[in-house]
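What follows is a short report on a single structure.
Rendered as structure tokens:
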């Protein structure tokens with residue numbers, strides 16, 4: 017039986033038609049070109065957000081009440097810089113002392129000894145339940161409760177006594193109050209970081225014959241740092257801004273120094289802007305440092321470290337020529 021000429025064999029494979037050389041238009045056998053989806057809503061939202069941001073910046077820059085010339089004149093004065101140095105010193109001292117006290121408190125909370133565990137929990141409970149301002153005012157007036165402090169035999173005679181008013185000044189009171197407050201939060205941060213380490217790490221260390229303290233110092237703490245550092249960075253920035261509360265104790269920090277100036281010149285808004293800009297600048301530097309510390313402790317947990325801001329800029333700059341070449345190719349079809 018004869019086979020019609022228009023019939024195709026079952027095992028025949030259609031041959032794709034190439035592009036027409038004279039026009040560059042793809043033939044019917046070519047695969048369709050994938051075009052990215054046009055997200056109109058996303059672009060409109062971004063445009064609206066940029067418009068609102070531009071309006072806010074314009075209202076700040078062109079508002080004469082801010083008196084930017086006054087801000088520039090007082091930004092680097094000796095009074096403001098001295099207050100900034102005290103703020104930085106207070107922040108560093110409180111963070112170091114707070115974590116030094118928070119480490120044994122965290123170990124106490126994780127201890128199998130019920131007395132130590134209850135005492136650690138009670139400390140955290142009391143200092144987290146009381147507002148920081150109340151704690152500072154309490155320590156500032158501690159002389160009314162304990163007029164003298166002494167050193168001697170417990171429940172016995174005292175060998176050395178000193179008046180509390182002469183011992184605790186405003187700055188030392190601020191350090192003590194902030195340190196005790198930060199230690200409660202630091203203890204919980206460290207405890208959470210230790211609990212984030214898999215228990216198999218401790219079991220493996222015990223199988224190798226390592227003691228508890230060596231296991232904690234060499235095995236658990238280095239792995240817990242990956243969870244501790246982000247929260248500790250937030251605590252550091254919070255402590256930097258929280259030191260402004262010591263101005264109620266007449267401690268010459270950044271905010272109190274600015275207040276002394278505008279109480280004389282009555283230029284409240286520009287002087288507050290001076291303090292705001294310094295807080296923003298220091299917080300930015302601390303945020304950059306936190307990023308690199310987190311990146312350092314992420315080495316053992318991630319296959320590839322997150323790119324730095326400079327590496328991201330280089331990658332985007334290198335991607336621009338490739339995007340332009342693809343767009344040119346799509347238009348010409350070559």
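Numbering (the numbering used here), first residue to last: 17 to 350. Just so it is clear, CB atoms sit at the ideal spot from N, CA and C, and this is done for glycine as well. Since this is a predicted model, take the numbers as computed values, not measurements.
Is residue i near residue j, with beta carbons less than 8 Å apart?
{"i": "residue 274", "j": "residue 99", "result": "yes"}
{"i": "residue 251", "j": "residue 201", "result": "yes"}
{"i": "residue 196", "j": "residue 143", "result": "yes"}
{"i": "residue 140", "j": "residue 255", "result": "no"}
{"i": "residue 210", "j": "residue 181", "result": "no"}
{"i": "residue 269", "j": "residue 262", "result": "yes"}
{"i": "residue 216", "j": "residue 306", "result": "no"}
{"i": "residue 166", "j": "residue 150", "result": "no"}
{"i": "residue 302", "j": "residue 199", "result": "no"}
Grab the span of the alpha helix (DSSP H) containing residue i for me, first residue to last.
{"i": "residue 156", "result": "148-156"}
{"i": "residue 309", "result": "284-313"}
{"i": "residue 143", "result": "130-145"}
{"i": "residue 127", "result": "Note, residue 127: premise wrong, no alpha helix (DSSP H); not H, not E."}
{"i": "residue 189", "result": "186-211"}
{"i": "residue 182", "result": "180-183"}
{"i": "residue 91", "result": "Residue 91 -> no alpha helix (DSSP H), and no H or E assigned at all."}
{"i": "residue 56", "result": "56-77"}
For the putative contact between residue i and residue j, defined by C-beta atoms under 8 Å, what is the C-beta separation to the nearest angstrom?
{"i": "residue 290", "j": "residue 91", "result": "5 Å"}
{"i": "residue 119", "j": "residue 206", "result": "6 Å"}
{"i": "residue 244", "j": "residue 299", "result": "That belief does not hold up - the Cβ atoms of residue 244 and residue 299 are roughly 20 Å apart, past 8 Å."}
{"i": "residue 178", "j": "residue 164", "result": "7 Å"}
{"i": "residue 258", "j": "residue 101", "result": "Actually they are not in contact, since the Cβ atoms of residue 258 and residue 101 sit about 17 Å apart, beyond 8 Å."}
{"i": "residue 83", "j": "residue 286", "result": "4 Å"}
{"i": "residue 203", "j": "residue 136", "result": "7 Å"}
{"i": "residue 310", "j": "residue 246", "result": "6 Å"}
{"i": "residue 189", "j": "residue 155", "result": "5 Å"}
{"i": "residue 242", "j": "residue 313", "result": "5 Å"}
{"i": "residue 208", "j": "residue 152", "result": "Not really, about 26 Å apart at Cβ, beyond 8 Å."}
{"i": "residue 191", "j": "residue 106", "result": "7 Å"}
{"i": "residue 231", "j": "residue 221", "result": "4 Å"}
What residues match up with residue i in a beta bridge as DSSP calls it?
{"i": "residue 174", "result": "168"}
Any heavy atom of the ligand HEM closer than 7 Å to the CB of residue i?
{"i": "residue 224", "result": "In terms of ligand content, the structure shown is empty, and the ligand HEM therefore cannot be addressed."}
Checklist entry - Taking the runs of the alpha helix (DSSP H) that are 4 residues or longer, which of them lie wholly in the stretch 222-287? => result 228-231, 237-258, 270-281
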